[in-house]
Structures are given as C-alpha cells and as structure tokens.
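Engineer:
Protein chains in written order, with the working numbering: chain A, 76 to 444; chain B, 1297 to 1425.
Here's what the structure looks like:
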C-alpha cells in the first residue's frame, strides 16, 4: 500500500496527476511539465518532497560516525552547514546520495532518497562505531522545496516566516537555520535540486498543509504554483545533477559519476575508501558525459551509446530539455572514449541517432545568486 | 470530431469516419497521460498502412509512445500543423490535434473498435488496475 505525504490531499484538490513513486503517491504534474519547468526557471515553484527520508544521528560521536559513513568531510563542516555527499558500501559504489546537516558536535541529520531510506537506515545501524543513536524521523517530517529566482520574495510575503525573513534572505548556499514558528521546530536550508536559487523547509507533518497553502496563496503574486515530479526531474537534469537509479546505483562509483569532488580520499577512514583509492590509482572504468542528439527524437535511460559503431556505454538519463529546446542525455561511457570523440551514436529504438559530446552542466541557473 | 462521434482503439487512438476516409488522432486520455508532447513523427502521404501497425512516434518530455493505425488503407493527408507545433495535440486532441487521414481499404475493420461508451468503460478498467 503506497504511503501518502501530509500534502497528498492538497495535490489532489489542485488537480495534480498522481503516480506512485518510491512507495509514495506523489504528483507527477499539475499544469504540465514544460510550464512547471519554466515557472521554476523564471519565477518560483513549490515542491512537496516529504517522501525524502530524514535520519537523525545523535550522541557524543555523531559527527565522527557520519564522517565515517559518507565520503564527504562532515568533520570539516561548521555548525548549521550542509554538505552533499554519497554513502558508499565497501565496494566503493553508491548506496545513496544525500545531504548531511550538521547541527552541533553531537547532532547531524541525513536527508536521503525515499527509495533508499530503509536501506540506508539498515546500513547505518550495521556500522558499529562510537556512541551514537540513529533514528528515522521520516514519518513525522514534511519537506517543502521552494525553488526559483523569486524564492526569497515568497518567504518575505509569508506571515509564518516573518520572524526569520531577514535571516532567510541572507542565508548562504548550503547553510541552514532553525527556528521555532508558533511552537513548531522548523529547518530552512539554502539547498535544492533545480539549479535555481532556492530553499528547503522541514517542518512537522501536522503543520505542512497550512504552510503549503499559505505559501501558494501569498506566493501567487510572485508566480508560485505547485510543481510535480516530472518537472523536478527535468529541472535537475539540465544542471547535470545525478539522480539515484539513473547516474548512481550500487554498480557505479562516485568517481565514475563525476562526483570526485564529494569523495575526500585524504580522510583517514570511511566506508568504501580502500576500493575508491584503488579505483583512483588504476583509473575509473567509466565516466559521465553529456550528449546532444541530432534531430528531435529523445534518448532515454538504457539506450546504448556507440562510438564508431561499437557499444561504449549507455544513457543514464535522457529527456527533451525544456530550457534548451533539444533532446539531451547523460551517459556513462568507457573512460577510453575521448572527450571530443567523433562518430557517437545513440541507439533510440533501433535507430542510430548521431550525437555529439557536450560539457556538463547543460545549464547554469541562479543557484548561487 | 467530438469524442462521442468517434471510435477508439485499445492503444487510445480515435477514428472519425468521413465516408471512406478515417480521420485519426489520439484520445484526450492519451494526450494527458503522455504529458507535454515535443515531437511527432508521421507516415508520409501515400503510405500504405495496415490495421494496428505502428505508423508513427509521439515523443513527450518524459516518455514516448507509438501511433498505431486503427484501420488499413492509404494515408491521404497528414496534419503538418502538429508536426510543427506538437503542443496542439495536448491542447486540442480531438479537433486541431488530428494526426492523419487514411482512405480505408476495408471499412468493416471499424467493427472491432470501441464505441465512445465502450472506450470510457475500458478506461475505467485501466484505472482500476
């Protein structure tokens, strides 16, 4: 039986087309993927991402534990700072990609993909290290992403956030604040998955509907509307963000997927370090590339990528890019394929479409504004 | 070409009969399910088509679908407007968003298609799955 987020009824009332995703009934679109995509690129959109998992690690060794469990440097984070990272198994392949929020020396929060919440929880509990307590907070927490160039204006217009409006306005990228709003503990972070300026709000599930409605209502003047999972995917694709199950999985290393920047091999120990050190020494077998296909047919995940007629990889994500008005793909290809390789083709339903390599990201938005 | 006057396939094409010519498109259900359509490939005028053969491609942002010919015959006209502006199909699948016209070689093939009411019932069963 699929779960519902605290905002499920709101989505149905607003005409969202509902699909099952990672065990949750989620809206895939409202006004249409392209319109929603353009709204986030030019105005502001609201996403219900309450399906994401929140795992709290507390105790005297919380930071050291998290630092050991993930590849990025949690120990180097300041309080109220966040890092994007992956969590690898001993093979050095990706169990999940996630955000780590450092609250204090004794408290961190991991925000994981809905599809992997159970797996990561079990994985963390299998790591016997230090004095920590691990708790799954997912069910009690709703998460709303506010994304787009007008995101700051939206917060400024909502009475709920009046007491933190100035702090939100000046919140730096990958930092967060906590606040008590009408008695409820709320986290607001300067994070997102769209390439645009944006924030993510964590709040008690019981409060979600009222805040969601208020943000849509007060945000209307700034162009706010709800955005479904369809546009969430096209919006993350254009800036070249990885999606678990596409660019990342348990057979892919973060070095292959272009995430060496979150793998701190200089850390003395973390799960997967030996395998990743060995991979770095011998060179990764594959790397992630951007491809632009000729014509208007759209390459999709799984389409074979060939160089000079020989299969050298596969598409991990492919879509029609609403911003660039063209079919684009990310693909994992053999590392021996040169960056400026010629004679690339993508097998789209039996037809070899000529394609050319293009640098990632395909698009840079207002994320750092 | 109001839906009530059309016949439908299990693959969600509609057919509107004008004498021995079948006007063919995709149902509102199909256009909604596909989402924003970005590219349409159609057979050329003059092409011979067989009933339920794949004869075209409909690319949406998230997915792709094939167009199946509800009848056998010869393609006599294609709707160039939807090739140039695929979004027309999302906006108006039953009128401006028609796909092709086929001169039928055997109009008795229409007997196997759903009536509008049967199609609605069929959609209801799909939703229940």
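Even glycine gets a Cβ: it sits at the ideal position worked out from N, Cα and C.
For residue 1345 of chain B, return the contacting residues in chain A, with the cut-off set at a CB-CB distance below 7 Å.
Structural biologist: Translated into positions along the second chain, residue 1345 of chain B becomes position 49. The premise fails here: residue 1345 of chain B is roughly 19 Å from chain A at the closest Cβ pair, so nothing lies under 7 Å.
Engineer: At a Cβ threshold of 8 Å, is residue 108 of chain A touching chain B?
Structural biologist: By one-based count along the first chain, residue 108 of chain A stands at place 33. Yes - at least one Cβ of chain B is within 8 Å of the one on residue 108 of chain A.
Engineer: Could you run through the stretch 302–314 of chain A and flag, in chain order, every residue whose CB is less than 9 Å away from some CB of chain B?
Structural biologist: The stretch 302–314 of chain A vs chain B, Cβ under 9 Å: 305, 306, 308, 309.
Engineer: Kindly confirm or deny that the stretch 1375–1393 of chain B and the stretch 1329–1343 of chain B touch, where touching means at least three C-beta pairs closer than 8 Å.
Structural biologist: Yes, the stretch 1375–1393 of chain B touches the stretch 1329–1343 of chain B.
Engineer: Would a C-beta distance cut-off of 8 Å place residue 86 of chain A and residue 397 of chain A closer than the cut-off?
Structural biologist: Sequence index remark: in the first chain, residue 86 of chain A carries index 11 (1-based). Sequence index remark: in the first chain, residue 397 of chain A carries index 322 (1-based). Result no, Cβ atoms of residue 86 of chain A and residue 397 of chain A do not sit closer than 8 Å.
Engineer: Determine whether the beta carbon atoms of residue 333 of chain A and residue 363 of chain A lie at a separation below 8 Å.
Structural biologist: Here residue 333 of chain A corresponds to residue number 258 of the first chain, with the count starting at 1. Here residue 363 of chain A corresponds to residue number 288 of the first chain, with the count starting at 1. Against a cut-off of 8 Å, the Cβ pair of residue 363 of chain A and residue 333 of chain A comes out as a contact.
Engineer: Chain A partners of residue 1335 of chain B, CB-CB under 9 Å?
Structural biologist: In the second chain, counting from the first residue as 1, residue 1335 of chain B sits at position 39. Within chain A, the residues near residue 1335 of chain B are 370, 371, 372, 373, 395, 402.
Engineer: So, is the C-beta of residue 1360 of chain B closer than 8 Å to a C-beta in chain A?
Structural biologist: Here the question's residue 1360 of chain B lines up with position 64 in the second chain. Chain A contact via Cβ: present.
Engineer: Report all residues from its chain with a CB closer than 8 Å to the CB of residue 164 of chain A; omit the five preceding and five following residues, and keep chain order.
Structural biologist: Locating residue 164 of chain A in the first chain gives position 89, counting from the first residue. Cβ within range, chain order: 170, 198, 325, 346, 347.
Engineer: Which partner residues of residue 264 of chain A appear in the DSSP bridge assignment?
Structural biologist: Along the first chain, read from residue 1 onward, the residue named residue 264 of chain A stands at position 189. Residue 264 of chain A pairs with A:251, A:275.
Engineer: Against chain B, with Cβ distances strictly below 8 Å, would residue 335 of chain A count as a contact?
Structural biologist: Indexing the first chain from 1 puts residue 335 of chain A at position 260. Output row for residue 335 of chain A: interface = no.
Engineer: Since residue 1355 of chain B meets chain A, which of its residues come closer than 9 Å, beta carbon to beta carbon?
Structural biologist: What you label residue 1355 of chain B is simply residue 59 of the second chain in a count that begins at 1. Within 9 Å Cβ-Cβ: 371, 372, 373, 395, 402.
Engineer: Starting from the C-beta of residue 179 of chain A, find all residues in its chain whose C-beta is less than 6 Å away, skip the five residues before and the five after it, and write them out in chain order.
Structural biologist: By one-based count along the first chain, residue 179 of chain A stands at place 104. If we look at residue 179 of chain A and ignore the five residues flanking it on each side, its Cβ neighbours are 154.
Engineer: Would you verify that the beta carbon of residue 1349 of chain B is, or is not, closer than 8 Å to some beta carbon of chain A?
Structural biologist: To locate residue 1349 of chain B, count along the second chain from 1; it is residue 53. No, no contact with chain A.
Engineer: So if I threshold CB-CB distances at 9 Å, which residues from the stretch 1298–1332 of chain B count as touching chain A?
Structural biologist: Answer set for the stretch 1298–1332 of chain B: 1328, 1329, 1331, 1332.
Engineer: With DSSP collapsed to three states, give me the class of residue 200 of chain A.
Structural biologist: Your numbering for residue 200 of chain A matches position 125 in the first chain. Note: residue 200 of chain A maps to helix in three-state DSSP.
Engineer: If the criterion is Cβ atoms closer than 8 Å, does the pair residue 132 of chain A and residue 209 of chain A meet it?
Structural biologist: Reading the first chain from its first residue, position 57 is the one you call residue 132 of chain A. Reading the first chain from its first residue, position 134 is the one you call residue 209 of chain A. Against a cut-off of 8 Å, the Cβ pair of residue 209 of chain A and residue 132 of chain A comes out as a contact.
Engineer: Between residue 104 of chain A and chain B, is there a C-beta pair that is closer than 8 Å?
Structural biologist: By 1-based counting over the first chain, the position of residue 104 of chain A is 29. With 8 Å as the cut-off, residue 104 of chain A counts as an interface residue toward chain B.
Engineer: Straight-line CA distance for residue 442 of chain A to residue 303 of chain A?
Structural biologist: Within the first chain, numbered from 1, the residue matching residue 442 of chain A stands at position 367. Within the first chain, numbered from 1, the residue matching residue 303 of chain A stands at position 228. Going from the Cα of residue 442 of chain A to the Cα of residue 303 of chain A covers about 20 Å.
Engineer: Between residue 103 of chain A and residue 94 of chain A, how many whole angstroms is the CB-CB distance? I'm expecting something under 8 Å.
Structural biologist: Against the first chain, residue 103 of chain A aligns to sequence position 28. Against the first chain, residue 94 of chain A aligns to sequence position 19. Indeed they touch by this definition, with Cβ atoms about 5 Å apart.
Engineer: Could you tell me the alpha carbon to alpha carbon distance between residue 76 of chain A and residue 1325 of chain B, rounded to whole angstroms?
Structural biologist: In the first chain, residue 76 of chain A corresponds to position 1, counting from 1. In the second chain, residue 1325 of chain B corresponds to position 29, counting from 1. Going by the C-alpha atoms only, they are around 25 Å apart.
Engineer: Determine, using beta carbons only, whether residue 99 of chain A and residue 189 of chain A come nearer to each other than 8 Å.
Structural biologist: For this step, residue 99 of chain A is matched to residue 24 along the first chain. For this step, residue 189 of chain A is matched to residue 114 along the first chain. Closer than 8 Å, so yes.
Engineer: Suppose you measure from the CA of residue 1363 of chain B to the CA of residue 1303 of chain B; what does that come to, to the nearest Å?
Structural biologist: Taking the second chain and counting its residues from 1, the one referred to as residue 1363 of chain B is at position 67. Taking the second chain and counting its residues from 1, the one referred to as residue 1303 of chain B is at position 7. When rounded, the distance between both Cα atoms is 15 Å.
Engineer: Less than 8 Å between the beta carbons of residue 162 of chain A and residue 145 of chain A, yes or no?
Structural biologist: Indexing the first chain from 1 puts residue 162 of chain A at position 87. Indexing the first chain from 1 puts residue 145 of chain A at position 70. Taking 8 Å as the Cβ cut-off, residue 162 of chain A and residue 145 of chain A qualify as a contacting pair.
Engineer: Using only alpha-carbon positions, find the residue among A:139, A:295, A:399 that is nearest to residue 502 of chain A.
Structural biologist: Only positions 76 to 444 of chain A appear in the structure, and residue 502 of chain A is not among them; the question remains open.
Engineer: Which stretch, first to last residue, makes up the alpha helix (DSSP H) that contains residue 348 of chain A?
Structural biologist: Walking along the first chain from the start, residue 348 of chain A turns up at place 273. Note, residue 348 of chain A: alpha helix (DSSP H), 348–357.
Engineer: Apart from the five residues on each side of it in sequence, which residues of its chain come closer than 6 Å, Cβ to Cβ, to residue 404 of chain A?
Structural biologist: Taking the first residue of the first chain as 1, we reach residue 404 of chain A at position 329. Within the same chain, residue 404 of chain A has close Cβ partners 366, 374, 390, 393.
Engineer: What are the partner residues of residue 208 of chain A, as DSSP defines its beta bridges?
Structural biologist: In the first chain, counting from the first residue as 1, residue 208 of chain A sits at position 133. A:133, per the DSSP bridge assignment.
Engineer: So, under 8 Å CB-CB, residue 160 of chain A and residue 192 of chain A are touching, yes? Tell me the CB distance rounded to an integer number of Å.
Structural biologist: Translated into positions along the first chain, residue 160 of chain A becomes position 85. Translated into positions along the first chain, residue 192 of chain A becomes position 117. Actually they are not in contact, since the Cβ atoms of residue 160 of chain A and residue 192 of chain A sit about 16 Å apart, beyond 8 Å.
Engineer: Who are the near neighbours of residue 382 of chain A in its chain, counting only those whose CB is closer than 7 Å to its CB and skipping five residues on each side?
Structural biologist: For the purposes of this step, residue 382 of chain A is taken as residue 307 along the first chain, with counting starting at 1. Cβ within range, chain order: 412, 416, 418, 419.
Engineer: Starting from residue 159 of chain A, trace the beta strand (DSSP E) in both directions and tell me its first and last residue.
Structural biologist: Residue mapping note: residue 159 of chain A aligns to position 84 of the first chain, counting from 1. Element bounds for residue 159 of chain A: 156–163.
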